[in-house]
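Here is the structure we will look at, set down as structure tokens.
Numbering (my numbering), first residue to last: 24 to 329.
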């Protein structure tokens with residue numbers, strides 16, 4: 024598994040020598056039957072004119088490359104932890120492929136969080152979600168002096184945790200905080216002193232309704248900025264079809280408006296980040312309804328101009 028691949032097979036003579044160096048006596052005839060037995064039990068060992076090799080593994084090199092790239096690109100994973108995780112990913116490949124992987128993945132000079140405690144936070148939060156228990160923690164932001172400022176007057180937040188999600192390269196907890204009517208999002212790297220409580224959570228369905236789905240909720244929230252949920256109609260230039268599908272998925276309801284435009288009907292959490300997304304397209308996307316959302320958009324645009 025470690026020392027062979029299609030480009031680097033191992034001759035039978037070498038296999039025998041390697042086994043002898045490990046104190047295992049073997050002959051060709053027995054090794055042929057051993058290799059046949061390994062293949063019977065799920066290994067994929069093949070041979071060519073140069074010898075034997077493991078032809079396939081649980082993860083192929085392109086799959087490991089994608090995993091390693093995701094770790095490398097994740098802002099919430101520190102540089103030290105990224106290097107450690109990538110080494111673990113490399114161990115899933117043979118040593119020759121691992122070398123190729125190491126040369127192709129770059130970590131340095133990327134923006135990375137310096138908070139190592141995020142891994143312990145994720146572990147504790149996951150434990151609470153699985154057990155259906157509330158958690159308590161303190162939450163901070165930074166002042167212009169780059170020093171931490173604890174929110175909620177320095178007191179703990181006590182919330183019902185529902186799900187962990189990644190948005191805009193940050194890790195978030197989706198939860199219910201009783202002081203807020205809807206769901207609340209907390210950056211995991213800004214949570215400290217997390218404790219799992221004995222108190223059971225309030226179910227997401229009891230807070231948001233029986234039909235609530237975390238997956239659907241994540242689709243309509245922009246940059247984890249919660250707001251009032253509205254069914255909106257957007258009028259878009261045809262050139263924006265990819266941006267719309269990337270944002271809402273292929274099952275979003277779309278209808279041709281005219282030769283140059285299409286209409287989109289979808290549910291959105293109305294927030295400044297939603298308006299910023301619409302504004303990104305420089306007039307190629309318009310909010311058609313409801314009227315109050317159009318009014319909010321105009322008011323924000325006027326504030327920006329002022």
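Even glycine gets a Cβ: it sits at the ideal position worked out from N, Cα and C.
Asked, Found
"Reduced DSSP secondary structure (H/G/I, E/B, other) of residue 159", "strand"
"Three-way DSSP call (helix, strand, coil) for residue 122 in this model", "helix"
"Where residue 313 sits in the DSSP three-state scheme", "coil"
"Which residues DSSP lists as bridging residue 300, in chain order", "Beta-bridge pairing links residue 300 to no other residue."
"CB contact flag (residue 116, residue 90, <8 Å)", "no"
"Unbroken beta strand (DSSP E) run spanning residue 285, endpoints", "284–293"
"Distance CB(residue 318)-CB(residue 286) smaller than 8 Å", "no"
"Cβ-based neighbour list, residue 192, same chain, cut-off 8 Å, excluding 5 preceding and 5 following", "96, 97, 98 and 99"
"Delimiting residues of the beta strand (DSSP E) encompassing residue 253", "251–260"
"Beta-carbon spacing of residue 165, residue 171 below 8 Å", "yes"
"As assigned by DSSP and simplified to three states, the class of residue 97", "coil"
"Inter-residue CB distance, residue 260 and residue 307 (contact presumed, cutoff 8 Å)", "4 Å"
"Residue 297 versus residue 76 - alpha carbon distance", "53 Å"
"Those residues which DSSP pairs with residue 33 across a bridge", "75"
"Euclidean distance between Cα positions of residue 236 and residue 221", "25 Å"
"Endpoints, the beta strand (DSSP E) within which residue 56 is located", "Counting along the chain, residue 56 falls outside any beta strand (DSSP E), though it belongs to the alpha helix (DSSP H) covering 51–63."
"DSSP three-state assignment for residue 173, whether helix, strand or coil", "strand"
"Backbone CA spacing between residue 208 and residue 176 [nearest angstrom]", "18 Å"
"Residue 281, DSSP secondary structure in three states", "coil"
"Whole-angstrom distance between residue 113 and residue 28, CA atom to CA atom", "14 Å"
"Buried or exposed by the 16-neighbour rule on C-beta atoms within 10 Å, applied to residue 67", "exposed"
"Burial state of residue 214 (16 or more Cβ within 10 Å)", "buried"
"Strand pairing of residue 196, partner residues [DSSP]", "187 and 209"
"For residue 195 and residue 210, believed in contact at Cβ under 8 Å, the rounded distance", "6 Å"
"Distance, residue 103 Cα to residue 124 Cα", "18 Å"
"C-beta atoms of residue 160 and residue 216 nearer than 8 Å", "yes"
"Selected residue, minimal CA-CA separation from residue 33, among 169, 58, 46 and 47", "58"
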